[in-house]
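As C-alpha cells, the structure follows; a few thoughts come after it.
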Amino acid sequence: MKEAEIPKISSSICQKCDTPLDPKTGYCPNCGSEQKILMMKCCNCERPIKADSTFCLYCGAVQKTATIHCSNCGHELYKEERFICPSCKIPINPAFVNLPPVHKKMLPVYINLNDWKIIPLILYLIYALAHFVMTLILQIALYVEGAETGSQVMIGFFSLIAFVRLLLIICLLGWLRMKKWGIIGSAVILLAELIFLHSIIALLLLLYAFYALLFRWQSFD
C-alpha cells in the first residue's frame with residue numbers, strides 16, 4: 009500500500025483564517041479551529057516527520073531546515089552526517105539533539121584518548137589496576153606459605169579496597185566523560201575518592217586492632 013502524500017509546511021499559519029500559530033498549541037487563537045499536526049517529509053528517507061524536527065526519527069538524518077552544531081567542537085552538521093561529528097569524531101550528544109531512545113542505544117561508547125583532561129584518570133586507573141594485582145598476588149602468597157590468620161585478613165582487606173577503587177575509577181571515567189568535566193573536576197573527584205577509601209581502610213584497621221586487643225585480653229584471662 010502506497011504511503012499517503014504529506015506536503016511540506018512552508019509556514020505555521022491557521023489553515024482556515026491564516027492567523028500565525030504557536031507550534032505548541034493545537035487550536036487557532038483567532039477562530040478556534042483545531043489544527044492538524046504540522047508534518048513534512050524527511051529529506052533522506054522521505055518518511056513523514058513533524059515539521060519542527062531537527063532529526064528524522066527513522067533514519068537519523070539532519071533535516072535541511074535545521075541548523076545543528078556539534079556540542080563538542082561547534083562543527084555545523086549536514087543531512088549526510090548522522091551520529092558522529094566528522095570534525096572531532098565524537099558522538100553527537102543525545103540530549104543536545106533529542107534523539108529517540110532507539111538511536112541512543114546505537115551511539116557507541118567513546119573515550120577520546122587524545123583529550124589531555126582525562127590523562128590523570130588513565131594514569132590513576134593503571135595505578136589502581138597494578139595495586140589490585142599486587143595485593144591479590146600477596147594474598148595468594150601468604151595463603152600458600154601458611155602465614156598467620158591476622159596477616160591474611162589484613163591483606164584481604166587491602167585487596168578488597170583495591171578492587172573497590174578499581175571499580176570506582178572505571179565508573180568515574182565514564183561519568184566524567186559524559187559530564188565533560190575539566191581537569192579541576194577530575195582532581196576533586198579523585199581527591200574525594202582517595203579520602204573515602206582511606207577512611208574505610210582506617211576504620212578497618214581500628215576494628216582489627218580492637219579485635220586483636222579483645223582476643224589478647226581473653227587469652228590473659
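The opening position of the sequence shown corresponds to residue 9 in this note's numbering, with each subsequent residue numbered one higher.
By construction, the Cβ of each residue, glycine as well, lies at the ideal position given by its N, Cα and C atoms.
| Asked | Found |
| --- | --- |
| Environment of Ala136 [buried if 16+ CB atoms lie within 10 Å] | buried |
| Cys50 CB to nearest heavy atom of the ligand PLP below 7 angstroms | In the structure on display, the ligand PLP does not appear, and there are no ligands present to speak of. |
| CA-to-CA distance, Leu222 to Met142, given in whole angstroms | 31 angstroms |
| Run of the beta strand (DSSP E) containing Lys256, from where it starts to where it stops | Because residue 256 is not part of the residues shown, which for the chain are 9 to 229, the question remains open. |
| Beta carbon of Cys53 nearer than 8 angstroms to that of Cys36 | no |
| Nearest-angstrom beta carbon gap, Asn38 and Cys25 [assumed within contact, 8 angstroms] | 5 angstroms |
| Reference Ser167, options His139, Arg55, Leu215, closest by Cα | His139 |
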